[in-house]
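Chains A and B supply the protein sequences, listed in that same order. Residue numbering for the first sequence follows the numbering used here, beginning at 5 and increasing consecutively. Residue numbering for the second sequence follows the numbering used here, beginning at 2 and increasing consecutively. Each residue gets a CB set at the ideal place from its N, CA and C atoms; glycine is no exception.
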Amino acid sequence: MKEFNQTVANMGLVYLLLVVLCLFQTALWFQVFHPIPPPNLWLPIIVYVTIYRRIGISLLTLVLLGFTLITLSSKPVNLFFLSLLAVALTTHLVRMKFFWTGSSYFLMSCLISIFSYHVFSWLLSFNLEANFLRSPRWGAWLMEFFLTPIIAPLLYSILKKIDQLTDFQEPGEFGFRRL
Amino acid sequence: MNYFSFDIKKICVIALLIALPFLAINTQRKDGEMPWFLVPFSASLGVVNQGYSEFSTGVRRTTAFYLNLLDIKKINLALLKENLELKARMTQFEELSQENQHLNSLLDFKKESKSEILIARVIGIDINADYETIRINKGSQDGLKPFMPVIAPNGVIGYIFRPQTHSSQVLLLSDRNTVVDGQIQRTRAHGLIEGASRDKLRMLYILRADDAAVGDVVTTSGINKIFPRGVPIGKIVSAERDANGISQIIEIKPDVNPYNLDEVLVLKKVAEEPVEPSQ
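Right, dumping it as structure tokens:
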């Protein structure tokens, strides 16, 4: 029961953080810094839950966060979820191959995820959309690639704080001890 | 005693003493005239006086200049501060003036138009960089429904895509999934307009025989019942005839950049008459 409560509290706080970050990205950044493309602030959260959660909880959180993100975009639902799953799978595969504790690993994963998200989005759009993405916004992609890692360490510390508050344990190099 | 020996000096002094009262009595003061014997004195005095005056003025000016230099830094700083304050006020004033002008144009447009119009504020953009939507602060609570046209006083923006309770997503004309029926204002040639990028639209299915030239204005045709007829979309920037096909490849530069707008107009009920764009 305690584990369940911890999980719910943790997911709730992560969800809240995602909402705050999404609004920062789409509303505040747009109002203040437009026309500079905003950094991708929601992808690091997807990366974090993929790396530092068991696969079941990770997928559950992914679906929950995905439903929230869909309301903020005109991207088709199937494409969005497939892109998210592709990113999660890539991150998970990298994690299985090599992993070390600390923020540098998270930062590296964020960089990989931004690259893979855009590549998979384009490939999926090419295959599944009738009117596929012909001219990607390279400038925005590049800005995301450069800006997101700058913000990633801060997000990492916030997410770690949430884990500490809800008594979640970070996995070691040999996997999870609990949760 | 020698009566013929004279002391010349004594005689001169006595003569002068006798003459002085007579001179004083006879020399009356006349305004505007300088006595002849005073002219050389006056001239020499004038020269000296002028020199002295110039010198003293120079000294006074130099002293004042150095004294002013001591305060000039303080005054400069104060002026700089004042200048900055004035500039800030000026910017604020210009901002307010522009906002006022924009709101007035919206109000004028609302008054002139026969459609039922709702003014909404732009509050956000799409979370994905490759999809072109904006978020407005009016939703289903305000009576917004999907496919309601969203325009600015000078052109089309897009249509309501996904209304939520308090806000709505607007699918922009520049999104690749948006399709609007349009016509070239000059020739009345019809075609479908779809988004290509933020600053470029494509007009499809315009026949080779149709007349389309660079600079032609493209407006909504009103056929698809989303937009009223005659709302400006943009201007043709390139028109090329397909070498093998039966159509033309036309590129349009949109009149409105929705990302630069603060407010937009949602047409809740479209009037039958064409919308006249405001200048």
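Asparagine 135 of chain A at chain E interface by Cβ criterion, 7 Å: You won't find chain E in this structure, because its protein chains are A and B.
Classification of histidine 122 of chain A by the beta-carbon crowding that lies within 10 angstroms, buried from 16 upward: Position 118 of the first sequence holds residue 122 of chain A. So histidine 122 of chain A counts as buried.
Between the CA atoms of glycine 183 of chain B and leucine 1 of chain A - distance to the nearest angstrom: Given that chain A is displayed from residue 5 to residue 183, the structure contains no residue 1 of chain A and the question cannot be resolved.
Residues sharing a beta bridge with isoleucine 50 of chain A, DSSP: Locating residue 50 of chain A in the first sequence gives position 46, counting from the first residue. According to DSSP, which records beta bridges pairwise, isoleucine 50 of chain A is partnered with nothing at all.
Which of helix, strand or coil DSSP assigns to alanine 13 of chain A: As a first step, residue 13 of chain A must be located in the first sequence, where it is residue number 9. DSSP places alanine 13 of chain A in helix when its eight states are reduced to three.
Test: leucine 76 of chain A CB closer than 7 Å to a CB of chain B: As a position in the first sequence, residue 76 of chain A is number 72, starting the count at 1. Yes, contact with chain B.
Spatial distance of leucine 63 of chain A from threonine 179 of chain B (CA atoms): The residue you call residue 63 of chain A lines up with position 59 of the first sequence. The residue you call residue 179 of chain B lines up with position 178 of the second sequence. The alpha-carbon atoms of leucine 63 of chain A and threonine 179 of chain B are separated by roughly 33 Å.
Extent of the continuous alpha helix (DSSP H) to which methionine 149 of chain B belongs: Sequence index remark: in the second sequence, residue 149 of chain B carries index 148 (1-based). From DSSP, methionine 149 of chain B is part of no alpha helix (DSSP H); its letter is neither H nor E.
Test: glycine 59 of chain B CB closer than 7 Å to a CB of chain A: Translated into positions along the second sequence, residue 59 of chain B becomes position 58. Chain A contact via Cβ: absent.
The stretch 61-77 of chain A / the stretch 102-112 of chain A touching (three or more Cβ pairs under 8 Å): no
Candidates A/Thr11, A/Val51, A/Phe37, A/Leu128: closest to leucine 159 of chain A by CA position: As a working note, residue 159 of chain A is residue 155 in the first sequence. Leucine 159 of chain A has its Cα closest to that of A/Val51, out of A/Thr11, A/Val51, A/Phe37, A/Leu128.
Beta-carbon contacts of serine 125 of chain A that lie in its chain and below 6 Å, excluding the five residues immediately before and after: To locate residue 125 of chain A, count along the first sequence from 1; it is residue 121. Ser87, listed in sequence order.
heavy atom of the ligand GDP below 6 Å from valine 157 of chain B C-beta: This structure does not include the ligand GDP; it has no bound ligands of any sort.
C-alpha gap between arginine 230 of chain B and methionine 204 of chain B, whole angstroms: Translated into positions along the second sequence, residue 230 of chain B becomes position 229. Translated into positions along the second sequence, residue 204 of chain B becomes position 203. Going from the Cα of arginine 230 of chain B to the Cα of methionine 204 of chain B covers about 17 Å.
Best match in B/Asp243, B/Val151, B/Ser45 for proximity to valine 267 of chain B [C-alpha to C-alpha]: Counting from one through the second sequence, the residue named residue 267 of chain B turns up at place 266. Of B/Asp243, B/Val151, B/Ser45, the residue nearest in Cα terms is B/Val151.
Within-7 Å CB hit, aspartate 131 of chain B to chain A: As a first step, residue 131 of chain B must be located in the second sequence, where it is residue number 130. So, interface residue.
CA nearest to the CA of valine 146 of chain B, picked from B/Val157, B/Leu202, B/Asp131, B/Pro164: Your numbering for residue 146 of chain B matches position 145 in the second sequence. The question names valine, yet the displayed sequence has lysine at residue 146 of chain B. Minimum Cα distance to lysine 146 of chain B is reached at B/Pro164.
Proximity of proline 48 of chain A and aspartate 131 of chain B at Cβ, strictly below 7 Å: One-based indexing of the first sequence puts residue 48 of chain A at position 44. One-based indexing of the second sequence puts residue 131 of chain B at position 130. No. Outside cutoff.
For proline 41 of chain A: DSSP bridge partner residues: Reading the first sequence from its first residue, position 37 is the one you call residue 41 of chain A. None; proline 41 of chain A has no bridge partner.
Own chain, CB closer than 6 Å to valine 24 of chain A, minus 5 neighbours either side, in chain order: Walking along the first sequence from the start, residue 24 of chain A turns up at place 20. For valine 24 of chain A, where only same-chain residues beyond five positions count, there are no Cβ hits under 6 Å.
Supposed contact pair phenylalanine 119 of chain A and phenylalanine 149 of chain A - C-beta distance, whole angstroms, cut 8 Å: What you label residue 149 of chain A is simply residue 145 of the first sequence in a count that begins at 1. What you label residue 119 of chain A is simply residue 115 of the first sequence in a count that begins at 1. 7 Å between Cβ atoms; contact.
Rounded distance between the beta-carbons of isoleucine 137 of chain B and valine 265 of chain B, thought under 8 Å: Translated into positions along the second sequence, residue 265 of chain B becomes position 264. Translated into positions along the second sequence, residue 137 of chain B becomes position 136. Their Cβ separation, rounded to whole angstroms, is 6 Å, which keeps valine 265 of chain B and isoleucine 137 of chain B in contact under 8 Å.
Whether isoleucine 247 of chain B touches arginine 189 of chain B by CB criterion (7 Å): Here residue 247 of chain B corresponds to residue number 246 of the second sequence, with the count starting at 1. Here residue 189 of chain B corresponds to residue number 188 of the second sequence, with the count starting at 1. For isoleucine 247 of chain B and arginine 189 of chain B, no; Cβs fall outside 7 Å.
Supposed contact pair leucine 173 of chain B and threonine 220 of chain B - C-beta distance, whole angstroms, cut 8 Å: To locate residue 220 of chain B, count along the second sequence from 1; it is residue 219. To locate residue 173 of chain B, count along the second sequence from 1; it is residue 172. Incorrect: roughly 17 Å between the Cβ atoms, too far for contact.
Listed by chain order, chain A residues near arginine 122 of chain B by CB distance under 7 Å: Here residue 122 of chain B corresponds to residue number 121 of the second sequence, with the count starting at 1. Within 7 Å Cβ-Cβ: nothing; arginine 122 of chain B doesn't reach chain A, min ~11 Å.
Lysine 75 of chain B burial status per 10 Å Cβ neighbour count (16 or more: buried): Within the second sequence, residue 75 of chain B is the residue found at index 74, counting from 1. Exposed, because fewer than 16 other Cβ atoms sit within 10 Å of the Cβ of lysine 75 of chain B.
Chain-ordered neighbours of serine 125 of chain A on chain B, where CB pairs are closer than 9 Å: Taking the first residue of the first sequence as 1, we reach residue 125 of chain A at position 121. Correct list: Asn129, Asp131.
Of the residues B/Ser198, B/Val181, B/Asp200, the one placed nearest glycine 192 of chain B, counting alpha carbons only: Counting from 1 along the second sequence, the entry for residue 192 of chain B is found at position 191. Nearest option by C-alpha distance: B/Val181.
First through last residue of the alpha helix (DSSP H) which encompasses leucine 174 of chain B: As a working note, residue 174 of chain B is residue 173 in the second sequence. From DSSP, leucine 174 of chain B is part of no alpha helix (DSSP H); its letter is neither H nor E.
Min CB distance isoleucine 126 of chain B to chain A below 7 Å: Taking the second sequence and counting its residues from 1, one reaches residue 126 of chain B at position 125. With 7 Å as the cut-off, isoleucine 126 of chain B counts as an interface residue toward chain A.
Element boundaries [beta strand (DSSP E), containing isoleucine 137 of chain B]: Here residue 137 of chain B refers to the residue found at position 136 when the second sequence is read from its first residue. Taken as a continuous stretch (DSSP letters only), the beta strand (DSSP E) holding isoleucine 137 of chain B covers 134-137.
From A/Leu32, A/Gln29, A/Ile61, A/Pro43, residue whose alpha carbon lies closest to that of glutamate 7 of chain A: Reading the first sequence from its first residue, position 3 is the one you call residue 7 of chain A. Of A/Leu32, A/Gln29, A/Ile61, A/Pro43, the residue nearest in Cα terms is A/Ile61.
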